[in-house]
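Using the numbering used here, the letters of the sequence shown map in sequence onto residues 1470 to 1800.
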Amino acid sequence: MNRRVVLHLSAAAALVAVGLGSPAFAQQKMVLKATDVHPLGYPTVEAVVRMGKKLEAATNGRLSIQMFPSMQLGGEKEMIEQAQVGALQIARISVGPMGPIVPEMNVFNLPFMFRDNAHMEKVIDGPIGAELMKKLSDHPTAGLIGIAWMNAGTRNVYNSKKPIKSVADLKGLKIRMMGNPVFVDTMNSLGGNGVAMGFDQLINAMQTGVVDGAENNEPSYVSGQHYRYAKYYSKTGHLMIPEILVFSKKSWETLSKDDQALIMKLAKEAQMEERKLWYDREKGSLEDMKKAGVEMNDVTDKKPFQAAVKPVWDKYGAAHTALIQRIQDVK
Ligand code: BDP
């Protein structure tokens, strides 16, 4: 045998030795670090914890997920940065901060984009959801692979001063918004003062009066204990933003094709599992809010709110009219 043949044969033998021809590195035990701003038990956190158990079982413990909940690794901005460099593998983030990175995704961040939960779910579960996820994964510099969508209900305004019943009530209120100009513009066009900051800074900002309140879904308002600082919760329903589970591209590329396919499959299952957990949590949160003495009010006429945010649609929607039309056509 000549030298090349010998080398070739011994390389093949080495691959067989570590397992069925896949690259040796893919066979190593790997603990995937996952993180979320929310605490254990929150629907998005629980869905990823359950996904980890399935992953562990399917790989005989070779792959597992270690969850770092409650902003242990920082706010959403820090989570994205750590995933980009491979310091963590899985981050559950809102589409909110992804808008400036993947412009098409910003369409989900337009106020009053979705008619209701069923509409939003049909969009994320269908071809548009798949296309946007691919846009993110193929993005040359985002450094993230999108692996699942998740429900996050509807965002409503809460504050420490008064109930919001009409657009005029927002005048002069300083309201924390997620870090993306589309949200600050939305609040400003409604007459309030939008203040962009991380979720991790919000409690301090409410305590010190830097803001009068914020806006979020009921489960975040309750588990973040925001009701302690802002007892008026008004159902403005101005945003319905899905969440997204991302995987670090840098780490993804070290996985075998089989492991990638397994993670994708389990992530899709997590998407559906989170949805069930979401609706239960939403109900439970509403009860918790009643018990805590939150002053809740409906906003029956949303038309003036929708009219006020027209400039936001003009500014951020103009470049994506075809995509917006397709979303609206989903019945
Ligand atoms: C919550 C989302 C979370 C965001 C947070 C926020 O689940 O991802 O970080 O809102 O307002 O609803 O920043």
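The C-beta atom is built at its ideal place from N, Cα and C for all residues, glycine as well.
In this text, all values refer to a predicted model and were calculated from it rather than measured experimentally.
According to the DSSP secondary-structure assignment, Tyr1701 is paired through a beta bridge with Asn1628, Glu1764. In this structure, the ligand BDP has a non-hydrogen atom nearer than 7 angstroms to the beta-carbon of Phe1668. With a threshold of 7 angstroms, the Cβ atom of Ala1611 does not count as near the ligand BDP, since no heavy atom of the ligand is closer than that.
Straight-line spacing of the CA atoms in Leu1501 and Glu1525 works out to 11 angstroms. The beta-bridge partner set that DSSP reports for Val1500 consists of Ser1533. If you ignore the 5 residues before and after Phe1668, its C-beta comes within less than 7 angstroms of the C-beta of Val1506, Gly1544, Glu1545, all in its own chain and listed in chain order. Shortest Cα-Cα distance from Asp1798 to any of Glu1573, Ser1563, Phe1583 involves Phe1583.
Within the same chain, Val1514, Pro1538, Ser1539, Ser1692 come within 8 angstroms of Pro1508 by CB-CB distance, once the 5 residues on both sides are set aside. Taken from the Cβ of Val1715, every heavy atom of the ligand BDP lies 7 angstroms or farther away. Going by DSSP, Val1715 is part of the beta strand (DSSP E) stretching over 1712 to 1717. Contact between the stretch 1699 to 1716 and the stretch 1561 to 1569 is present: three or more C-beta pairs spanning the two stretches fall below 8 angstroms. Secondary structure in the stretch 1563 to 1650: the alpha helix (DSSP H) runs of 4 residues or longer, each lying completely within the stretch, are 1586 to 1594, 1596 to 1607 in chain order.
Taking a contact as a CB-CB distance under 8 angstroms, the pair Val1554 and Ile1534 does not count as one, their CB atoms being some 19 angstroms apart. A distance below 8 angstroms separates the beta carbons of Pro1632 and Tyr1701. Using a cutoff of 7 angstroms, the CB of Ala1621 counts as near the ligand BDP, since one of the ligand's heavy atoms is closer than that. Minimum Cα-Cα distance from Ala1617 among the listed residues Thr1610, Val1626, Ser1606 corresponds to Ser1606. Runs of the beta strand (DSSP E) spanning 3 or more residues and lying entirely within the stretch 1649 to 1692 occur at 1662 to 1665, 1682 to 1685, in chain order.
Taking all protein chains in view, the Cβ of Thr1705 is crowded by 16 or more other Cβ atoms within 10 Å, so the residue is classified as buried.
Cβ-Cβ distances below 7 angstroms link Asp1749 to nothing in the same chain once the five nearest sequence neighbours on each side are left out.
Not one heavy atom of the ligand BDP lies closer than 7 angstroms to the C-beta of Glu1550.
Proximity of the beta carbon of Ile1570 to the ligand BDP is not indicated: no heavy atom of the ligand is located closer than 7 angstroms. A check of alpha carbon separations from Glu1743 across Met1520, Leu1724, Met1548, Pro1569 identifies Met1520 as the nearest.
Short note on His1507: C-beta closer than 7 angstroms to some heavy atom of the ligand BDP. Cβ contact annotation for Asn1649 (same chain, cutoff 7 angstroms, sequence separation greater than five): Gly1565, Pro1566, Gly1568, Pro1569, Asn1578, in chain order. Phe1652 is the residue among Lys1718, Gly1598, Phe1652 whose C-alpha sits nearest the C-alpha of Lys1784.
Straight-line spacing of the CA atoms in Asp1727 and Gly1786 works out to 39 angstroms. The DSSP-derived three-state label of Leu1708 is strand. A distance below 7 angstroms between beta-carbons, with the five flanking residues on each side excluded, links Ala1611 to the following residues of its chain, in chain order: Ile1570, Val1571, Leu1605. Nearest neighbour of Ala1621 by Cα position, chosen from Asp1757, Asn1686, Val1763, Lys1760, turns out to be Asn1686.
For Met1647, the shortest separation between its Cβ and any heavy atom of the ligand BDP lies below 7 angstroms. Annotation for Asn1686 indicates a beta carbon within 7 angstroms of some heavy atom of the ligand BDP. For Met1675, the closest of Met1656, Gly1661, Arg1645 by C-alpha to C-alpha distance is Arg1645.
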